[in-house]
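Residue numbers (the numbering used here): 590 to 776.
Reviewing the structure listed below.
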């Protein structure tokens, strides 16, 4: 994943986006993103289980546990977007939701996930996995990169966050749920 992002920002001289070497690099990087989100789901779920016992389900403690993670993840997302701003040769706008925004959503729903049975999580996993075929063109299949990373107003920003951005919650939360299922199969 780092390889692909670095190559996109600092492409080797003479290598274009359509070059075969770029496709090979993208293939390797593309495999890393789902694995990273799956491992994050595993870790978030494990952390939630461990902390659920430690904080004894107190609403105040849950709020502190979740809000700390969400604030840090969103702040880091904004920082990454500012550093890789499209106006300075980067790939994002400061407000573009991305992978860290996705992880913030996962942190927000962790208490709900902890209360779900394995069969319910498996059902949600498959539903999220199939969601691009359900929402069809609304997922932005034919969009340019500019359309995918830009949003005008709050409604479009939430659309990018949930449905058609770079790492939209629907379907990418499927990998978070996959991580929780893998955690349950650990023995």
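Glycine included, C-beta positions come from ideal geometry on N, C-alpha and C.
In this text, all values refer to a predicted model and were calculated from it rather than measured experimentally.
N- and C-terminal bounds of the alpha helix (DSSP H) containing residue i
i, result
"residue 735", "734-738"
"residue 714", "707-724"
"residue 667", "648-672"
"residue 745", "742-748"
"residue 703", "688-704"
Integer Cβ distance of residue i from residue j, believed to fall under 8 Å
i, j, result
"residue 640", "residue 654", "6 Å"
"residue 713", "residue 766", "6 Å"
"residue 750", "residue 758", "6 Å"
Check whether residue i and residue j have beta carbons under 7 Å apart
i, j, result
"residue 737", "residue 696", "no"
"residue 692", "residue 637", "no"
"residue 760", "residue 717", "yes"
"residue 768", "residue 627", "yes"
"residue 670", "residue 652", "no"
"residue 764", "residue 623", "yes"
Three-state secondary structure (DSSP) of residue i
i, result
"residue 774", "coil"
Own chain, CB closer than 7 Å to residue i, minus 5 neighbours either side, in chain order
i, result
"residue 688", "756"
Own chain residues within Cβ distance below 8 Å of residue i, not counting five before or after
i, result
"residue 746", "684, 686 and 740"
"residue 753", "727, 728, 729, 732 and 737"
"residue 635", "772"
"residue 672", "679"
"residue 709", "none"
Nonlocal neighbours in the same chain, by C-beta distance under 6 Å from residue i, ignoring five residues either side
i, result
"residue 721", "728 and 760"
"residue 666", "687, 689 and 690"
"residue 662", "689, 692 and 693"
Short CB-CB distance (under 7 Å) between residue i and chain B
i, result
"residue 674", "Included in the structure is just one protein chain, with no chain B present."
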